[in-house]
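So the sequence shown is numbered by my numbering: it starts at 64 and just counts up by one.
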Amino acid sequence: MTPEMNKNSVFEIIEKFSDANWNVRKQTAAELISAIAGSEEGAREAAFAIADKLVLSRTSRSEAEFKNILYWSIKTLGALVDSPNARDILVSVVNDRDYKEKYREIAMNELTHFGYCESFRNELIGFLCDANWKIRQTAARLLESFTDNEVADYLISEFYSFTNDDLIYWVLQIIAHQQKERSLKFFGSILFSSPTNTKLYVILALSEIDLDDAFKLIVDCFDDSSYMIRTQVHQIIDKNLKRCARFVHDFAFSTDFRTRCEAFKFLVKSMDPQYYGMITQMVTSGSTENRVLGLLSFGDTFEAAIIEFIYQRFSDDSWYVRNFAATIMSGHGQAVWQYLYGKYESEPNENNRYWILICIKNIINPDSEKHISDIFELFGMSKKNEKLQILSIISSIINKSESVSARNKLIVSLVESLNDKKWLVRKEASTLLEKFDRQMIMANVKAMGALSPDQSYWLKPVISGQAS
Numbered sequence: 064m065t066p067e068m069n070k071n072s073v074f075e076i077i078e079k080f081s082d083a084n085w086n087v088r089k090q091t092a093a094e095l096i097s098a099i100a101g102s103e104e105g106a107r108e109a110a111f112a113i114a115d116k117l118v119l120s121r122t123s124r125s126e127a128e129f130k131n132i133l134y135w136s137i138k139t140l141g142a143l144v145d146s147p148n149a150r151d152i153l154v155s156v157v158n159d160r161d162y163k164e165k166y167r168e169i170a171m172n173e174l175t176h177f178g179y180c181e182s183f184r185n186e187l188i189g190f191l192c193d194a195n196w197k198i199r200q201t202a203a204r205l206l207e208s209f210t211d212n213e214v215a216d217y218l219i220s221e222f223y224s225f226t227n228d229d230l231i232y233w234v235l236q237i238i239a240h241q242q243k244e245r246s247l248k249f250f251g252s253i254l255f256s257s258p259t260n261t262k263l264y265v266i267l268a269l270s271e272i273d274l275d276d277a278f279k280l281i282v283d284c285f286d287d288s289s290y291m292i293r294t295q296v297h298q299i300i301d302k303n304l305k306r307c308a309r310f311v312h313d314f315a316f317s318t319d320f321r322t323r324c325e326a327f328k329f330l331v332k333s334m335d336p337q338y339y340g341m342i343t344q345m346v347t348s349g350s351t352e353n354r355v356l357g358l359l360s361f362g363d364t365f366e367a368a369i370i371e372f373i374y375q376r377f378s379d380d381s382w383y384v385r386n387f388a389a390t391i392m393s394g395h396g397q398a399v400w401q402y403l404y405g406k407y408e409s410e411p412n413e414n415n416r417y418w419i420l421i422c423i424k425n426i427i428n429p430d431s432e433k434h435i436s437d438i439f440e441l442f443g444m445s446k447k448n449e450k451l452q453i454l455s456i457i458s459s460i461i462n463k464s465e466s467v468s469a470r471n472k473l474i475v476s477l478v479e480s481l482n483d484k485k486w487l488v489r490k491e492a493s494t495l496l497e498k499f500d501r502q503m504i505m506a507n508v509k510a511m512g513a514l515s516p517d518q519s520y521w522l523k524p525v526i527s528g529q530a531s
């Protein structure tokens, strides 16, 4: 540092940080950093001068001037990476909640240029419970950049003294990132004895390690009493299914129905042949409860082979199994519409056709003209009881349909069904037509041209308003 460069001279130089010209401010910072370079005394004097300048400028300068002084002071201090005094001033800026968050974050970013020392480590640990998420994250990443014997080992030794939730979360993340496999013993020792929030943070930290032994510890909480813990564990399993399936397998034999059901769902989703075979055998030859349980495990997986397997359960001896199979099939929604349509066309078994129609009722879109066309095509290839079942589906969608074109299509299709051979079918179709506006019915009938005697007979009371 040149002889004239002391606290007072630095104080005068940084006055230019308030200049209206950005280039002047930038050049001033660069020249000051260059003049101080390599001088421990110069860095100390500059840090003290900047600290005093910030205190005085805070109340004596306009907001715009103070922002410029603050910003360039922070950037200058961040360049003095060998100065503990510069680091301490930046720490004080981060700690000062009266500064706008933007400048606290800038100061925190500048601290990432500084190296390890014990006091700095402790300051950074304190930032892990700051109200600002960016400051917490930056502090954690900086701590992780130091050696693990300086940070992770210390955090483990002090772990039981930490009480703040944010602090505990980040401490566990740092330990996992720094020690990886070496941290598993520590995590295993605290996992099951910790309160719910801490247990959740341990599980999240374990998921960062990406080792089978870490996933084993996570899956060990599969049936935890806390819904929050179970949900988090299941989400992690879902993202790492291939690696977790063998650990989940143990829970397939739990005495708790819910636990078994969840375990089976994941085993099915893993598409591992050994688990798939185990569950399909259980569904086809187990008790009613196990057949239902096995079916439930297929609910979240949409694969052609599984859809076909569920369909085959429509022929099960148990009504409960058939009903569950239909419920699970319906849960796939529009994705199985064409599959069910095709099955109905080729299915000779009346029982199976009944359950197909149950599914169709659950997933039909009342405003879809295609769905309306499809269901009336099925109507045309059906027997009397099936036609009546289809008309009950039509009844439910008439009440829900809001599309004019869809309602017109329903009217035309129902008028055509008045030619059916079965009196009861014709009667039910005419009853459904009564749900529509007479003017809308008449407009559609007029467009259809000549009517058959049966159509005229059944339409007459509907149009005249004299239907019973």
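C-beta: ideal position from N, C-alpha, C; glycine also.
The alpha helix (DSSP H) spanning residue i covers which residue range?
i: M444; result: Neither: M444 is in no alpha helix (DSSP H) and is coded neither H nor E.
i: I294; result: Note that residue 294 is Thr in the sequence shown here, rather than Ile. Counting along the chain, the alpha helix (DSSP H) containing T294 begins and ends at Y290 to K302.
i: Y166; result: E164 to L174
i: N185; result: E181 to F190
i: N260; result: T259 to L269
i: S136; result: E126 to A142
i: K279; result: D275 to V282
i: T201; result: W196 to S208
i: I253; result: L247 to L254
Check residue i in the structure and name its three-state DSSP category.
i: I469; result: The residue asked about is misnamed: residue 469 is Ala in this sequence, not Ile. Helix at A469.
i: R309; result: helix
i: F80; result: helix
i: A100; result: coil
i: V156; result: helix
i: A368; result: helix
i: C324; result: helix
i: P336; result: helix
i: P147; result: helix
i: G178; result: coil
i: S476; result: helix
i: S531; result: Below a pLDDT of 50, predicted positions are generally treated as unreliable, and S531, at 48, falls in that range; the measurement from the model is reported next regardless. DSSP places S531 in coil when its eight states are reduced to three.
i: F74; result: helix
i: N462; result: helix
i: E244; result: helix
i: D216; result: helix
i: T343; result: helix
i: F285; result: coil
i: N69; result: coil
i: D211; result: coil
i: S317; result: coil
i: N86; result: helix
Under the criterion of a Cβ to heavy atom distance below 7 Å, does residue i qualify as lining the ligand MG?
i: K279; result: Inclusion of the ligand MG in the displayed structure is not the case, the ligand content being empty and no account of it being possible.
Are residue i and residue j close, meaning C-beta to C-beta below 8 Å?
i: A109; j: L153; result: no
i: S476; j: F499; result: no
i: S120; j: I132; result: yes
i: N158; j: T201; result: no
i: F442; j: K433; result: no
i: I266; j: Q295; result: yes
i: L187; j: L206; result: yes
i: L473; j: I453; result: no
i: S393; j: R354; result: no
i: I373; j: L356; result: no
i: F80; j: D115; result: no
i: I198; j: L218; result: no
i: D229; j: L191; result: yes
i: M505; j: I526; result: yes
i: F327; j: S360; result: yes
Exposed or buried, residue i, counting other C-beta atoms within 10 Å across all chains shown (16 or more means buried)?
i: S455; result: exposed
i: L496; result: buried
i: F310; result: buried
i: L95; result: buried
i: W135; result: buried
i: G105; result: buried
i: L481; result: buried
i: F316; result: exposed
i: T259; result: exposed
i: N212; result: exposed
i: V384; result: buried
i: K523; result: exposed
i: K446; result: exposed
i: K352; result: Here residue 352 turns out to be Glu, not Lys, going by the sequence shown. When all chains shown are included, E352 counts as exposed.
i: A389; result: buried
i: N507; result: buried
i: R321; result: exposed
Step through the CB atoms of chain D and report whether any lies within less than 8 Å of the CB of residue i.
i: S146; result: No chain D is present in this structure, which holds just one protein chain.
Can you list, in chain order, the stretches of the alpha helix (DSSP H) that have 4 or more residues and sit fully within the stretch 478 to 523? 486 to 496 and 501 to 511
Where in the stretch 347 to 432 do unbroken runs of the beta strand (DSSP E), each at least 3 residues long, occur, reported from the N-terminal end onward? Restricted to the stretch 347 to 432, not a single beta strand (DSSP E) segment is unbroken, complete and at least 3 residues in length.
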